[in-house]
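J.:
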Amino acid sequence: MGISKSFFVASLSLLLAVLASTGEGSHQPVVMPVAMELSAKYYRKTCPNVQNAVRTVMEHRLDMAPAVLRLFFHDCFVNGCDASVLLNRTDTMESEKDAEPANTSLAGFDVIDEIKSVLEHDCPATVSCADILALASRDAVALLGGPSWSVPLGRMDSRQASKAAAEDANNLPNPNSDLGELLRVFETHGLDARDFTALSGAHTVGKAHSCDNYRDRVYGDHNIDPSFAALRRRSCEQGRGEAPFDEQTPMRFDNKYYQDLLHRRGLLTSDQELYTHGGEVSSDLVEVYAKNRKAFFADFARAMVKMGEIRPPEWMPVEVRLNCGMVNN
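With mature numbering (1 follows the signal peptide of the UniProt record, and there is no 0) applied, the sequence shown corresponds to residues -25 to -1, 1 to 304, in that order.
#1: Take Q234 as the anchor and find which of L62, A265, A111 has the nearest alpha-carbon.
#2: For the alpha helix (DSSP H) containing C56, list its first residue and its last residue.
#3: Please list, in chain order, all residues of the same chain as G(-1) whose beta carbon is under 6 Å from its beta carbon, the five residues on each side excluded.
#4: So is P4 buried or exposed if we call it buried at 16+ other beta carbons inside 10 Å?
#5: Within this structure, are the beta carbons of H184 and G214 separated by less than 8 Å?
#6: Taking Cβ to Cβ, would you say G55 is nearer than 8 Å to I199?
#7: Would you say V256 and A168 are within 8 Å of each other, going by their C-beta atoms?
#8: What is the rounded straight-line gap between the Cα of Y194 and the Cα of Y232?
#9: Tell me the rounded alpha-carbon separation between L(-12) and A144.
#10: Report yes or no: do the segment 153 to 166 and the segment 36 to 45 share at least 3 C-beta pairs separated by less than 8 Å?
#11: Pull up the distance between the alpha-carbon of L37 and that of P292, whole angstroms please.
#12: I'd like to know if the segment 53 to 67 and the segment 127 to 136 are in contact, where contact means that at least 3 CB-CB pairs between them fall below 8 Å.
#13: Note the first and the last residue of the continuous alpha helix (DSSP H) segment covering S245.
#14: Apply the 10 Å Cβ neighbour rule to T251 and answer buried if 16 or more other Cβ atoms are within range, or exposed otherwise.
#15: Check each candidate in A105, A270, R130, G283 and name the one with the smallest Cα separation from T172.
#16: To the nearest angstrom, report how far apart F84 and H164 are at their CA atoms.
#17: Rounded to a whole number of angstroms, what is the C-alpha to C-alpha distance between P287 and M68?
#18: Please specify which runs of the alpha helix (DSSP H), each continuous and at least 4 residues long, are wholly inside the segment 98 to 155, giving them in chain order.
#19: Could you give the distance in angstroms between the alpha-carbon of V295 and the alpha-carbon of M33?
#20: If I measure Cβ to Cβ from E89 and keep anything under 8 Å in the same chain, skipping five residues before and after, which residues do I get?
#21: With DSSP as the reference, label S14 as helix, strand or coil.
#22: Could you check whether D196 and F220 sit closer than 8 Å to each other, using their CB atoms as the reference points?
#23: Hey, how far is the Cα of L118 from the Cα of V180?
#24: Give me, in chain order, the residues of the same chain whose beta-carbon lies closer than 6 Å to that of Y17; leave out the 5 immediate sequence neighbours on both sides.
#25: What are the residues that DSSP puts in a beta bridge with N298?
#26: Quick check on DSSP: helix, strand or coil for A74?
#27: Taking the alpha-carbon positions, what's the L297 to E95 distance?
#28: What does DSSP give as the partner residue(s) for P219 in the beta ladder?
#29: Just reading off the alpha helix (DSSP H) that G254 is part of, what are its end residues?
#30: Which residues does DSSP pair with V293 in a beta bridge?
#31: Counting only the same chain and skipping the five closest in sequence on each side, list residues whose C-beta sits under 7 Å from that of N24.
#32: To the nearest angstrom, how far is it from the Cα of M39 to the Cα of L108?
#33: Got a sec: is the Cβ-Cβ distance from S152 to anything in chain D below 8 Å?
#34: Can the beta-carbon of A141 be found less than 8 Å from the beta-carbon of E71?
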């Protein structure tokens, strides 16, 4: 048939690796290739209750939903959606959790650990932390009133983290980045202007944790509603730096974020840039999303699936971690 012996051996080795990681009675973690096709049915036989398990925990930890959603973004934009952001610091590896300024205010790690504990009891050494994070993010959005979508599964967990990559503005831009910088970051990851505008709507929930995130905007930006700027300046001066991205409904996933942008009440410079200097695509979409929640939900769901398919580099060693905070021995 023209198939080489080496190809046959490689294919057989891959098959055996898959069987070793998913067969009944086998709970040994196996390093897997990153190029495997993602599928919503990936755990249909090996862990059929995975979706219910994730959702049940998220229902009880709904206060952390915005934080979990943010974790997924910060994971995928650094070497792909591989749960590297969950790894703790060790003697031989720095942690992305310590990356400044982007990741030091991240939260929700305990929620992912709680889900992992449930799944390790139900189906040991089967569900990756990366897939848990993808599912938990979807449920975080849906439970806060946003859209739901079918999540392609089959991601593996990285055995490495990169604090340097998480501190690189080409991966995680800062809150004061202009539109051009932001679009370049998204384009690097295969996401276009429409994806960027829709995914920015994640800021319809959650908050900035420090005045440093929006100080330049409320003290030096002239393209801001004066009363909004005064309100946020008072927060800074009174030492209450935390501020909601969406001041109207900060714990409801809706389209109020875009309505705020129309009224020059975006909290971050990077938020307001969408409308102020968004050009034909982003500015027009802000107006569409502000008026049409259904259109925003549809584009957001599609873009989340697209972002969730960002893969780790081919050289990255991967596995199904037994503990989301550390690699397997």
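Ideal Cβ positions, reconstructed from N, Cα and C, are used throughout, including at glycine.
T.: In short:
#1: A265
#2: Unbroken run through C56: none, as it is neither H nor E.
#3: Because G(-1) carries a pLDDT of 34, less than 50, the predicted location of this residue cannot be relied on, and the following value inherits that uncertainty. Once the five neighbours on either side are set aside, G(-1) has no close Cβ partner at all.
#4: Per-residue confidence for P4 stands at a pLDDT of 45, beneath the threshold of 50, marking its modelled position as unreliable; no derived number is given.
#5: no
#6: no
#7: yes
#8: 21 Å
#9: Caution applies to L(-12), whose pLDDT of 38 falls short of 50 and renders its modelled position unreliable; the value that the coordinates give is listed next. Those two C-alpha atoms are separated by around 37 Å.
#10: no
#11: 33 Å
#12: yes
#13: 244 to 251
#14: buried
#15: A270
#16: 24 Å
#17: 18 Å
#18: 104 to 118, 138 to 141
#19: 21 Å
#20: V32, R36
#21: strand
#22: no
#23: 12 Å
#24: L128, G129
#25: M301
#26: coil
#27: 7 Å
#28: K182
#29: 254 to 266
#30: S133
#31: D97
#32: 13 Å
#33: Considering every chain present, this structure includes no chain D. It has just one protein chain.
#34: yes
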